Every structure is written in C-alpha cells, then in structure tokens.
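**Student:** Residues 1 to 85 in this note's numbering are what the sequence shown spells out, letter by letter.
Note that beta-carbon positions come from the ideal geometry of N, C-alpha and C, so glycine has one too.
Nothing here was measured: the structure is a model prediction, and the numbers come from that model.
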Amino acid sequence: MAKALYLVIHSCSNWWVDLEGKAHGPYTSRETAALEARSLARFQAHSGREAEVLVPDEHGKFWVIWSSLYDSGEGRSFTPRRVAS
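(1) Within this structure, are the beta carbons of E50 and W66 separated by less than 8 Å?
(2) Are the Cβ atoms of N14 and G25 separated by less than 8 Å?
(3) Report back the beta-carbon spacing between Y6 and L40 to the nearest angstrom; my notes put them in contact at under 8 Å.
(4) Does Y27 pass the burial test, meaning 16 or more other C-beta atoms within 10 Å, or should it be called exposed?
(5) Which residues does DSSP list as the beta-bridge partners of F62?
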C-alpha cells in the first residue's frame, strides 16, 4: 500500500490539508493546518498505512514534519527534513 502524504497548502487566503485530492479545512494558519494534518495522519497510520505530513516553509519548500515510522509511542525523536527538489 502506498504511503499517505498529507500536504499542507495555502490557497484562497486559507490553509488546507490535502490527501489524495481531498481537502480538509480551511484553517486560519499554517500551524493549525499542520496540527490537524498530523492528527489525520496518526489516525491513518493506526489503520496500518504508513503516513507523512509535509508542510511548506516561507520559501515554498516542503518539509516532512511528521512520519508514522517515528511515532511508535516509544519516545523516538523525529527531526523535520526538507523534501529533496
């Protein structure tokens, strides 16, 4: 099964969470959208599908800010990483 990618995007003066063409939102800030994306991704991961949350920085470069591979509840840390161009 393919990894579920939750993308935080800015459109029409609002922030949204996109998963495979389905939009969730709108949200008033990037941070609020990112938190909701993480919540949605965690729910998806419990079904057995690997998931990641990608959020753009102020320059439009996307960063992986959460990954189900590192959210095992065992306290493993995850460092956000920039998505390769």
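**Tutor:** Inspection of the coordinates gives the following:
(1) Stepping through the sequence shown from its first residue, residue 50 is reached at position 50. Stepping through the sequence shown from its first residue, residue 66 is reached at position 66. Judged by beta-carbon spacing, W66 lies beyond the 8 Å limit of E50, meaning their Cβ atoms are not closer than that value.
(2) The residue labelled residue 14 in the question sits at position 14 within the sequence shown. The residue labelled residue 25 in the question sits at position 25 within the sequence shown. Yes, the Cβ-Cβ distance between N14 and G25 is below 8 Å.
(3) Position 6 of the sequence shown, counting from 1, holds the residue named residue 6. Position 40 of the sequence shown, counting from 1, holds the residue named residue 40. Between L40 and Y6 the Cβ distance is about 6 Å, and since that is below 8 Å, they are a contact.
(4) Working through the sequence shown from its first residue, we reach residue 27 at position 27. Buried, since its Cβ has 16 or more Cβ neighbours within 10 Å.
(5) If you number the sequence shown from 1, residue 62 lands on position 62. According to DSSP, which records beta bridges pairwise, F62 is partnered with P56.
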